Amino acid sequence: MISYTDFSLGLAVAAFLVCISDVIFTVIDKRTEKPQNKVYIFMLLLLSVNAGCGITSYIAEKSKMISDTAFDTLQISRYIYFLTHALLAPIFFFYISFVVGRSINWRTSRAKLRKAKHYIIDVGVTLALVVMEFMIIVNPVFHWMWYFDEQRNFQRASGEMFIYIQSALWLGASFVLVMHSWNILSKNRKDSLAVCYVLVITGIMIQLFYSHIYIEVLMEALGFTGVLFFVENEDDRKNVELDVYNPASFSLDISAILKNQIPTRLLLVRDIKFDRTANPTLMGKISGDAIQKSVVEYLATKVKRYHIYALGHRIFALTIYDNSDEFAVKTAQEISDRFYKPWEINGNSIFLKASVMMIALPERAKTVADIIYMAECPIPEKFRKKVMYGDDLNWIIRYSAVESAVTRGLKEGSFEVYYQPTYYIDKALYGAEALLRMHDSELGNIYPDEFIPIAEKIGIIDEIDDFVLREVCRLLSTGVPQKYGIGHINVNLSVMECMKDGFAEHITKVVDAFEVEKHNISFEITESVASNDYRHLEEVIEKLKTVGFMFYIDDFGTGYSNIHALFSLGADVIKIDKSVLWGAEQSELGMSLLKSTIEMVKDMHKKTLAEGVETETQIQTLKNLGCDYLQGYYFSKPVPESEFLKIINTSSEVSTH
Ligand code: C2E
Ligand code: CA
Ligand code: CA
């Protein structure tokens, strides 16, 4: 029959083997870098020592009565066992605090959490630990924890309870941490931690009541094995190809940072792009994967690899656990500078572009969604900087506020169409341009330069353009503008919209519903955006022209495909951008540009409209150059419909056309 001693020896051997396998596994898998990994390995080593002590105790147990050496071995094994095992629960607590992101880095651990109260707790628990270890150390003299009786049998002393109570408290505290962070743990982590707690507590309970069954260490070793596979092993948290963390783990880790208020500096390296102008011959030859890999390898020289996250399309986030900006800004600067040098990718030397943002957490973001927003929202040209941080990022707050305003705008009726009259060169009324305004209940007046790009981004520009068109149709259907000689009301179109299937048919349907003459409506498009698919745009314009609408090319003189647009798009009128008019007053070159533009348009038998007319001198210049129509503050700013009707009412009296 197997004795209890043999049985327990078997359990001790099993525990030892499990621990050692876990250590070997961890080391082979090279999971030793993070502080969390180090604490884990330390726990396993402690546990291996405990199991080793178990083995020697049970071997020595058999011959303790006949051999003094065996008895000494037994006593020493017990001694080492107590010394080390008493430390396990507190270390487990620290391990858990790493897992739930409570102390992410040794350096800044709890840096911000520290309050006087915490110091008292820290001193208290440290003192209790020291006293406990001291009681164990002096046990051979005082026998407070355990002793061996006359028959050399192990006996518990009342002091041992002190170890159990402390361990229970540490374990309980770690459990509270887990519960507190329940929502920010992945399912695997939750499951394996739950199993670990059940195993450990069962082990402790069994051994508490049946001290001769050496099961506690084995149960702990099994619990830690679960942890090895589902907490230490991070395959589910990784982007395997790039060997950095994935968006899911970013979201969990950042939640932990925000929840625990861990001071962190987050670097976002975003909009990583192939620089087309710098590498014209390599276009399309370098894969996106190769680019991402090179960038990751570089970033890994700046921060530890386990602080890098790949967030979707060529956006990387780097966490720096620090409560001051200095180091993070310096690193951000270095990363940004790196993009001014070529990258060696697949034997080619190529140039990449990127923007770098530095976000101080938890101050600058309340939720993970805020950060994702910052990582993804397009950066308006005028706010673009090499490295953006602190107040440089204020525009994002405004941007997202405007985005919400635009989103609720159509429902709340915040949009209003203003009209800016246009004139013949002799100052007689010609028509008007419909320009959108937005009056938001929270943000006040917002101008189209700010809200139109946002409406395009969130995909409601079609509804907005539709709204303008309907408003214009409604006004025209009253017949009032026509009565005062307004032959043309211009509506701006987003080129992105024009390219959509069925666009021309849709426009025609809307206008027909109001029974408005189509020649009363003209559309303005900005050609520079349209250059990608000219043919298609030409077709749309042709269709709309056939049914009677007129077409204007807007902002002529700003884009680089101007001339092309002039030749290929069947526009009736070319709107010369205000910068061209204003440039003519600044230099001779500007003047000849304005002059040649007007001449060129004339040669093509099209008309010109100059916008941004503010002075009488400009009108004289334009008249001399042969410009056809005028628009600008000289006559009127864009005004609400009622005011517009007043203006045309008075102007029409002088009209000769
Ligand atoms: P745009 O089509 O080039 O419109 C002309 C802009 O120049 C208007 O700005 C107008 O107020 C301004 N402007 C006109 N005359 C003068 C002048 O003498 N001096 C100065 N300094 N400015 C003058 P606004 O209304 O802020 O519109 C800005 C842009 O937003 C427009 O440029 C247009 O591209 C876009 N936009 C406006 N309304 C709509 C719309 O309903 N749909 C679409 N898709 N875009 C719109
Ligand atoms: Ca326009
Ligand atoms: Ca314009």
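Numbering (numbering that gives the first Met the number 0), first residue to last: 0 to 656.
Glycine residues also receive a C-beta, built at the ideal position from the N, C-alpha and C atoms.
These numbers were taken from a predicted model, which means no experiment stands behind them.
Open item on the list: When you compare the stretch 381 to 393 with the stretch 421 to 432, are there three or more beta-carbon pairs, one atom per stretch, that lie closer than 8 Å?
Closed with: The stretch 421 to 432 and the stretch 381 to 393 do not touch, with fewer than three beta-carbon pairs separated by less than 8 Å.
TODO: Return the bridge partner residues of residue 173 from the DSSP annotation.
DONE: In DSSP, residue 173 forms no bridge with anything.
Open item on the list: Does residue 525 come out as helix, strand or coil in the three-state DSSP assignment?
Closed with: In this structure, residue 525 counts as strand in the three-state DSSP scheme.
Task: Beta carbon of residue 261 nearer than 8 Å to that of residue 349 - done: No, they are not a contact pair.
TODO: Run through the stretch 482 to 524 for me and flag every whole beta strand (DSSP E) of 3 or more residues, listed as ranges in chain order.
DONE: With a minimum length of 3 residues, the continuous beta strand (DSSP E) runs that stay inside the stretch 482 to 524 are 487 to 491.
Task: DSSP state of residue 275 mapped onto helix, strand, coil - done: In this structure, residue 275 counts as coil in the three-state DSSP scheme.
TODO: Could you check which residue in 16, 480, 464 has the C-alpha nearest to that of residue 509?
DONE: Residue 509 has its Cα closest to that of 464, out of 16, 480, 464.
- [ ] Pull up the distance between the alpha-carbon of residue 384 and that of residue 355, whole angstroms please.
- [x] Separation of residue 384 and residue 355 (C-alpha to C-alpha, rounded to the nearest whole angstrom) is 8 Å.
Task: residue 441 - DSSP class collapsed to helix/strand/coil - done: Of the three classes helix, strand and coil, the one that applies to residue 441 here is coil, per DSSP.
Task: Nearest-angstrom Cβ-Cβ length linking residue 743 and residue 650, presumed shorter than 8 Å - done: Any question about residue 743 goes unanswered here, given that the chain covers just 0 to 656.
Open item on the list: According to DSSP, simplified to helix, strand and coil, what is residue 280?
Closed with: Helix.
- [ ] Please decide whether residue 164 counts as near chain C, where near means a Cβ-Cβ distance under 8 Å.
- [x] Looking at the structure shown, chain C is missing, and only one protein chain is on hand.
Task: Sequence-distant residues of its chain with Cβ nearer than 7 Å to residue 430 (five each side left out) - done: Here the set comprises 421, 485, 486, 487, 488, 489.
Open item on the list: Would residue 271 and residue 327 be called neighbours here (beta carbons separated by less than 8 Å)?
Closed with: Cβ atoms of residue 271 and residue 327: not closer than 8 Å.
Task: Alpha-carbon to alpha-carbon, residue 386 and residue 332 - done: Going from the Cα of residue 332 to the Cα of residue 386 covers about 6 Å.
Task: Within 8 Å, strictly: CB atoms of residue 165 and residue 144 - done: Pairing residue 165 with residue 144 gives a Cβ-Cβ distance that is not under 8 Å.
Open item on the list: Only counting the same chain, and skipping five residues up and downstream in sequence, which positions put a Cβ closer than 6 Å to that of residue 523?
Closed with: The residues are 489, 491, 551, 553.
TODO: Mind checking which residues open and close the beta strand (DSSP E) that includes residue 316?
DONE: Run containing residue 316: 315 to 319, per the beta strand (DSSP E) assignment.
TODO: Take residue 515 and list the residues in its own chain whose beta-carbon comes closer than 8 Å to its own, dropping the five residues that flank it on each side.
DONE: Exclusion of the five residues before and after residue 515 leaves 472, 475, 476 as the residues of its chain whose Cβ lies within less than 8 Å of its Cβ.
TODO: Go to residue 302, then tell me how far its alpha helix (DSSP H) extends in each direction, as first and last residue.
DONE: Counted as a single uninterrupted DSSP element, the stretch harbouring residue 302 is not any alpha helix (DSSP H), since DSSP gives it neither H nor E.
Task: residue 118 (DSSP reduced to helix, strand or coil) - done: In the structure shown, residue 118 adopts helical secondary structure according to DSSP, grouped into three states.
TODO: State the DSSP-derived secondary structure class of residue 347, mapped to helix, strand or coil.
DONE: In the three-state scheme derived from DSSP, where H, G and I count as helix and E and B as strand, residue 347 is classed as strand.
Task: Classification of residue 529 by the beta-carbon crowding that lies within 10 angstroms, buried from 16 upward - done: Residue confidence is low: residue 529 scores 46 on pLDDT, short of 50, so the model does not pin down where it sits. No coordinate-derived value is stated.
- [ ] Rounded to whole angstroms, what's the CA-CA distance from residue 641 to residue 453? Just pull it up for me.
- [x] Spanning the two alpha carbons is a distance of roughly 28 Å.
- [ ] Can you list the residues near ligand 2, meaning Cβ strictly closer than 7 Å to any non-hydrogen atom, in the order they appear in the chain?
- [x] Checking every Cβ against the heavy atoms of ligand 2 under 7 Å gives 432, 489, 491, 523, 553, 574.
Task: CA nearest to the CA of residue 419, picked from 630, 227, 36 - done: Measuring from the Cα of residue 419, the nearest candidate turns out to be 630.
- [ ] Return the chain-ordered ranges of every alpha helix (DSSP H) run that is complete within the stretch 141 to 212 and spans a minimum of 4 residues.
- [x] Those alpha helix (DSSP H) runs which fall completely within the stretch 141 to 212 and span 4+ residues are 159 to 179, 186 to 208.
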